Amino acid sequence: MKITYKKKIDPKDQLVLLPLTEDLSGLPAPFQSILKNPQLKKRFLGKKGQKAEVFFSEKKYSARLLLWGLGKKPDLNSTLIRSQFALAVKELRSSELGDLTVMIDPVLKPFLQALGEGIGLGNFHIAKYKTGQDFADSEKRTISKLNLIAPNWLGADKVYVGDGLKISTAVNFVRELVNAPSNIVNVDNMAEHAVNIGKINKYKVTVLDKKQLEKLKMGALLAVNRGSEHHAKMVIMEHLPLGKKQEPVAIIGKGVVFDTGGVNIKPTAGLDWMKMDMAGAAVVLGVFSLLKELDIQQNVIGIFPLTDNAVDATALKPSDIVTSFSGKTIEIGNTDAEGRLILADAISYAVKNYSPSSIVDLATLTGACMVALGDHYAGLFGNNQKLKERIKSAALETDEEVWEMPIHDFHRQAMKGHFSDLNNIDGSGLAGASTAAAFLENFVQDTDWAHLDIAGPAKTKKSKDIDFANCATGYGVRLMISFLQSIK
Ligand code: BES
Ligand code: ZN
Ligand code: ZN
Numbered sequence: 035m036k037i038t039y040k041k042k043i044d045p046k047d048q049l050v051l052l053p054l055t056e057d058l059s060g061l062p063a064p065f066q067s068i069l070k071n072p073q074l075k076k077r078f079l080g081k082k083g084q085k086a087e088v089f090f091s092e093k094k095y096s097a098r099l100l101l102w103g104l105g106k107k108p109d110l111n112s113t114l115i116r117s118q119f120a121l122a123v124k125e126l127r128s129s130e131l132g133d134l135t136v137m138i139d140p141v142l143k144p145f146l147q148a149l150g151e152g153i154g155l156g157n158f159h160i161a162k163y164k165t166g167q168d169f170a171d172s173e174k175r176t177i178s179k180l181n182l183i184a185p186n187w188l189g190a191d192k193v194y195v196g197d198g199l200k201i202s203t204a205v206n207f208v209r210e211l212v213n214a215p216s217n218i219v220n221v222d223n224m225a226e227h228a229v230n231i232g233k234i235n236k237y238k239v240t241v242l243d244k245k246q247l248e249k250l251k252m253g254a255l256l257a258v259n260r261g262s263e264h265h266a267k268m269v270i271m272e273h274l275p276l277g278k279k280q281e282p283v284a285i286i287g288k289g290v291v292f293d294t295g296g297v298n299i300k301p302t303a304g305l306d307w308m309k310m311d312m313a314g315a316a317v318v319l320g321v322f323s324l325l326k327e328l329d330i331q332q333n334v335i336g337i338f339p340l341t342d343n344a345v346d347a348t349a350l351k352p353s354d355i356v357t358s359f360s361g362k363t364i365e366i367g368n369t370d371a372e373g374r375l376i377l378a379d380a381i382s383y384a385v386k387n388y389s390p391s392s393i394v395d396l397a398t399l400t401g402a403c404m405v406a407l408g409d410h411y412a413g414l415f416g417n418n419q420k421l422k423e424r425i426k427s428a429a430l431e432t433d434e435e436v437w438e439m440p441i442h443d444f445h446r447q448a449m450k451g452h453f454s455d456l457n458n459i460d461g462s463g464l465a466g467a468s469t470a471a472a473f474l475e476n477f478v479q480d481t482d483w484a485h486l487d488i489a490g491p492a493k494t495k496k497s498k499d500i501d502f503a504n505c506a507t508g509y510g511v512r513l514m515i516s517f518l519q520s521i522k
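First residue of the sequence shown: 35, per the working numbering; consecutive thereafter.
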């Protein structure tokens with residue numbers, strides 16, 4: 035999307051979005067007359083989400099206008115602006131658009147990043163794998179050129195709109211990765227994305243292949259990989275602008291490119307969406323695509339283990355005992371509880387090699403978390419209240435919400451093994467999200483750690499605000515960026 039900033043409307047602007055609060059101030063000069071129309075006056079009051087389409091033709095201006103209500107001025111906030119701009123863009127996409135001109139009133143000054151995010155997120159399209167007319171139609175219904183009109187006040191603040199658009203590009207990239215099936219986005223492809231992002235941004239990127247994983251004795255990751263025709267990998271990305279002056283934050287993402295469940299195979303219903311089981315890893319890629327661009331002055335390490343969880347004659351079996359990278363032994367109570375196995379090795383690797391100041395992991399880890407919290411909240415677990423509070427405030431700011439969940443001693447007890455140190459499931463089937471988190475906790479040692487179970491919010495069924503029906507959301511990118519920016 036190409037962006038230009040202008041001071042006033044141009045006769046060339048054929049499609050104009052006019053976001054208005056309830057006082058209906060801020061209509062640019064050529065269009066002020068439309069509010070004199072008694073029909074429109076009755077129908078459009080600027081209430082939140084209210085819309086009116088007007089075909090304007092007068093003197094040299096001839097344009098399709100979409101008036102979009104933002105509600106009362108004092109009620110404006112980032113979440114409202116992000117979602118209303120996304121909704122307005124989605125509405126415009128019901129027909130061809132191409133160029134879009136958006137009028138920005140000074141009342142929107144505190145929310146410019148959210149505005150940029152909303153426009154970019156609403157412009158996401160899912161036709162990547164369509165061809166011919168279907169693809170062309172979808173292309174025509176996206177904005178290719180964006181004109182932002184702000185008379186005399188935007189100035190240097192346009193950087194915030196730009197940041198919002200950059201963030202939306204990263205979120206849309208994550209959406210695309212998560213939507214993509216595992217015959218297209220596989221282990222090698224995810225690792226290639228990391229290498230490319232590293233090249234563009236000059237990050238050091240290390241990709242450990244199967245041989246190296248064997249040498250390092252990453253027994254838990256290799257166990258999950260046993261039944262797969264594709265070899266596992268572990269990706270490590272480094273953004274270290276502060277050099278040795280600061281211990282890094284480690285962001286770790288679950289990268290199961292497809293989860294069949296393994297020998298404890300999953301039922302058919304919903305199985306297709308197990309292509310989303312690498313959403314945590316995709317978030318790490320999305321975050322790293324932004325760190326340099328947004329000039330985030332924090333040392334950050336990104337790590338993601340990559341494999342699918344498949345079934346063949348060599349596959350991991352229930353009751354197998356494996357030795358993790360940490361040396362702890364794990365009984366496989368259920369091969370479908372694979373995420374915690376691969377994360378165990380990734381977490382141990384981060385602790386051993388980087389002594390991070392804190393670890394945050396993102397994982398589509400349990401159906402139980404989705405049952406408990408639905409698709410809006412991620413479950414937030416961890417061993418340090420300050421870290422959790424920081425994530426909670428970033429969540430409120432970005433509207434990528436989290437809900438704090440417990441890890442109790444009885445959850446820890448439940449994960450002890452009978453024949454070995456740990457079991458990867460608790461046989462009771464109760465509190466599945468908490469017991470999964472309790473399992474991960476065994477590998478963080480004394481590092482401050484937060485775990486986000488994103489099984490629910492990584493994808494939505496219904497179209498809502500910034501999100502699209504039956505589509506990945508890109509949940510976690512905005513949250514992690516805001517979290518990293520909040521670290522002093
Ligand atoms: N990938 C799944 C969790 C999941 C479920 C993600 C729904 C996204 C949507 C995970 O590997 C899994 O299968 N978890 C099991 C754990 C159980 C065997 C203890 C689950 O949640 O049922
Ligand atoms: Zn599973
Ligand atoms: Zn899984």
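For each residue, glycine too, the CB sits at the ideal point set by N, CA and C. Model, not experiment: these values are computed from the prediction.
Selection from the options that minimises the alpha carbon distance to residue i
{"i": "Ile177", "options": "Val123, Asp222, Gly196", "result": "Val123"}
{"i": "Lys309", "options": "Phe322, Asn298, Gly320, Thr294", "result": "Thr294"}
{"i": "Asp306", "options": "Gly277, Ala347, Asn213, Lys420", "result": "Asn213"}
{"i": "Ile153", "options": "Phe169, Arg175, Leu180", "result": "Leu180"}
{"i": "Gly289", "options": "Ile366, Pro339, Trp437", "result": "Pro339"}
{"i": "Leu377", "options": "Ile393, Tyr388, Gly367", "result": "Ile393"}
{"i": "Asn71", "options": "Lys82, Asp455, Ala86", "result": "Ala86"}
{"i": "Asp222", "options": "Asp443, Lys244, Lys238", "result": "Lys244"}
{"i": "Pro62", "options": "Lys81, Lys40, Phe78", "result": "Lys40"}
{"i": "Val239", "options": "Ala470, Thr494, Val334, Gly156", "result": "Val334"}
{"i": "Thr432", "options": "Gly314, Gln66, Thr113, Ala303", "result": "Thr113"}
Those residues which DSSP pairs with residue i across a bridge
{"i": "Arg98", "result": "Leu49, Phe89"}
{"i": "Ile183", "result": "Lys40, Met137"}
{"i": "Lys267", "result": "Leu340"}
{"i": "Glu365", "result": "Ile355, Asn457"}
{"i": "Ala484", "result": "Val394, Gly416"}
{"i": "Gly289", "result": "Leu340"}
{"i": "Asp501", "result": "Lys498"}
{"i": "Ala506", "result": "Lys493"}
{"i": "Ala284", "result": "Ile335, Ile393"}
{"i": "Leu54", "result": "Gly103"}
{"i": "Glu272", "result": "Lys238, Ile335"}
Straight-line gap, residue i to residue j (C-alpha atoms, nearest Å)
{"i": "Lys192", "j": "Leu146", "result": "8 Å"}
{"i": "Glu56", "j": "Val141", "result": "12 Å"}
{"i": "Phe322", "j": "Val436", "result": "22 Å"}
{"i": "Ala257", "j": "Ile355", "result": "9 Å"}
{"i": "Asn417", "j": "Ala472", "result": "10 Å"}
{"i": "Arg446", "j": "Thr398", "result": "20 Å"}
{"i": "Thr363", "j": "Ser382", "result": "13 Å"}
{"i": "Ile234", "j": "Glu327", "result": "10 Å"}
{"i": "Ile500", "j": "Met404", "result": "20 Å"}
{"i": "Lys251", "j": "Leu242", "result": "12 Å"}
{"i": "Arg488", "j": "Ala204", "result": "The amino acid occupying residue 488 in the given sequence is Ile; Arg does not appear at that position. Near 18 Å, if we compare the C-alpha coordinates of Ala204 and Ile488."}
{"i": "Gln118", "j": "Gly287", "result": "30 Å"}
{"i": "Asp139", "j": "Leu188", "result": "10 Å"}
{"i": "Gly80", "j": "Ala120", "result": "17 Å"}
{"i": "Asp44", "j": "Leu182", "result": "11 Å"}
{"i": "Ile521", "j": "Val88", "result": "46 Å"}
{"i": "Asn504", "j": "Ser497", "result": "8 Å"}
{"i": "Leu456", "j": "Ala412", "result": "25 Å"}
{"i": "Tyr163", "j": "Asn220", "result": "16 Å"}
Integer-rounded CB distance, given that residue j should sit under 8 Å from residue i
{"i": "Asp342", "j": "Val269", "result": "In fact, because the Cβ distance is near 15 Å, the residues do not count as touching under 8 Å."}
{"i": "His523", "j": "Glu372", "result": "There is simply no residue 523 to check, as the chain begins at 35 and stops at 522 in what is shown."}
{"i": "Arg209", "j": "Gly508", "result": "4 Å"}
{"i": "Ala228", "j": "Leu319", "result": "6 Å"}
{"i": "Asp379", "j": "Ser353", "result": "Rounded, the Cβ-Cβ distance is 20 Å, inconsistent with contact."}
{"i": "Leu421", "j": "Ala484", "result": "5 Å"}
{"i": "Leu474", "j": "Arg374", "result": "6 Å"}
{"i": "Thr469", "j": "Met439", "result": "With a Cβ gap of about 11 Å, Thr469 and Met439 do not count as contacting."}
Any non-hydrogen atom of ligand 4 within 7 Å of residue i CB
{"i": "Asn343", "result": "In the structure on display, ligand 4 does not appear, and the ligands it does have are ligand 1, ligand 2 and ligand 3."}
task = Identify every run of the beta strand (DSSP E) within the stretch 393-457, keeping only runs that are complete inside it and at least 3 residues long; order them along the chain.
result = 412-416, 436-438
message = Suppose only complete runs of 3+ residues qualify. What are the beta strand (DSSP E) ranges in the stretch 176-245, listed by chain order?
response = 177-183, 238-242
Start-end ranges of the beta strand (DSSP E) lying completely within the stretch 102-159, minimum 3 residues = 132-137
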